[in-house]
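In this note's numbering, the protein residues as written are 18 to 321. A virtual CB, placed ideally from N, CA and C, is assigned to each residue, including glycine. Every value quoted in this text rests on a predicted model; they were computed, and no experiment measured them.
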Amino acid sequence: MDTSMAVLAGPASVALGAKVCEELAVTPTVYDARRFPDGEGQIELGESVRGRDVFVIQATSPPADVHVMELLLLADACRRDGAERITGVIPYLGYARQDRRSSRRSLGARVAANVIDTAGLDRLVVIDTHTPAIEGFFASPLHHLTAVPLLANATPVRDDSVVVAPDLGAVKRARQYARLLEVPTAIVHKTRLDGEAVEASDVIGDVRGRAPIIIDDMLSTGATIAAAVTAVRARGAVDPVTVVVTHSLLVGHAREILPPLGLAAIVSTDTVAIDPPANLRFSSVSVAPLLAEAIRQLHVTRPW
Ligand code: R5P
């Protein structure tokens, strides 16, 4: 049996997948991703993965529905070709924010987890999901990696820095950064009004005369960051204002509302393939070494 590693860089993660392969000194497995005139996708492997330990790297980033389906097709092609084991490496897990149901809404995180569980993946690797409790939504074993130390290393810190959690959900993560950066914390009280509108009503902690480092798991439309920046400035925070997030989606009005904030830097990672606008001081830390190390450790030639 050939238990050698095969790494597929899915359509949502081509550049990151290539970097991971470079780290691992393997050639990405070739496949063809087609789209038929009616919009349906199809994957055809360009080489055999029979008996191999396969890692499929595919973020379920926007458009999440398309990227989830591509992940399922990639996994299916590998399984039908006789892969020995298949690991889904999902650098950014979409739908994770829909982890609670209110009113008569669907529960997206559960639905996405159920669908991914049917893909024939033996296990999953994810990075900084919206909530660690997401693991309980999946039947498949899930390995949760964090980019926090990588980001903390890349964050410029000053004597007057304060780490700011832009909402209550970010408090734990902010405390983790604050410990690593050895600076105090503050918390913004945020209320989400709809998909693109939030309201920051209060700031807990002292930000006066301090340079904020706003920490979150992700930057999507930028509404949370914009509200947090306005709130801390209104309470006397000073420049430079730095934003640190694992995942940057830059959807909706993000490209319009972020530049006027005059941020000193947005420090993020390459979990999501985006093209940041030139008028944003955006710096990207690659998670490729983190993923490559996880793959190295998970790649075993014996049953696991
Ligand atoms: C929400 O709980 C998340 O942690 C982020 O704060 C949020 O998803 C960011 O989204 P947006 O950039 O659209 O405000």
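Decide yes or no for the touch test of the segment 19 to 33 against the segment 277 to 297: beta carbon pairs closer than 8 Å, at least 3 of them.
Contact between the segment 19 to 33 and the segment 277 to 297 is present, because at least three Cβ pairs lie under 8 Å.
Quick one: Cα of Asp211 to Cα of Gly111, how far?
18 Å
With DSSP as the reference, label His84 as helix, strand or coil.
In the three-state DSSP reduction, His84 falls in the helix class (H, G or I).
By how many angstroms is the C-alpha of Ala182 removed from the C-alpha of Ile151?
21 Å
For Ala156, which residues does DSSP report across the bridge?
Paired residues: none, contrary to the question.
Got a sec, what are the start and stop residues for the beta strand (DSSP E) Gln314 sits in?
Counting along the chain, Gln314 falls outside any beta strand (DSSP E), though it belongs to the alpha helix (DSSP H) covering Ala305 to Leu315.
Out of Arg190, Leu91, Phe53 and Ser300, which has the shortest C-alpha to C-alpha gap to Thr148?
Arg190
Taking all protein chains shown into account, decide if Gln314 is buried (16 or more other Cβ within 10 angstroms of its Cβ) or exposed.
exposed
For the ligand R5P, is there any heavy atom lying closer than 7 Å to the beta carbon of Leu280?
no
If you draw a straight line from the alpha carbon of Val268 to that of Gly253, how long is it in whole angstroms?
Here the alpha carbon of Val268 sits roughly 29 Å from the alpha carbon of Gly253.
Identify the residues that DSSP records as bridge partners of Glu61: which are they?
Asp49
Can you name the start and end residues of the alpha helix (DSSP H) that Arg196 belongs to?
Val188 to Leu198
Hey, how far is the Cα of Ser300 from the Cα of Tyr194?
18 Å
Enumerate in chain order the residues of its own chain whose CB-to-CB distance from Asp256 is below 6 Å, with the five nearest sequence positions on each side excluded.
none
Taking 7 Å as the line, does the beta carbon of Ala191 fall inside it for any heavy atom of the ligand R5P?
No, since every heavy atom of the ligand R5P falls outside the 7 Å radius drawn around the Cβ of Ala191.
Among the candidates Ile242, Leu278, Pro173 and Glu40, whose CA atom is the shortest distance from the CA of Leu308?
Glu40
Alpha carbon to alpha carbon, what distance is there between Leu25 and Gly63?
11 Å
Quick check: what's the CA-CA separation for Ala35 versus Ser218?
43 Å
By the DSSP assignment, the beta strand (DSSP E) with Gly105 in it spans what residues?
Counting along the chain, the beta strand (DSSP E) containing Gly105 begins and ends at Arg102 to Ile107.
Buried or exposed for Leu185, going by 16 or more other Cβ atoms inside 10 Å?
exposed
Which of the three DSSP states is assigned to Arg122 in this structure?
coil
Specify the secondary structure class of Arg227 as computed by DSSP and reduced to three states.
If DSSP states are grouped into helix, strand and coil, Arg227 belongs with coil.
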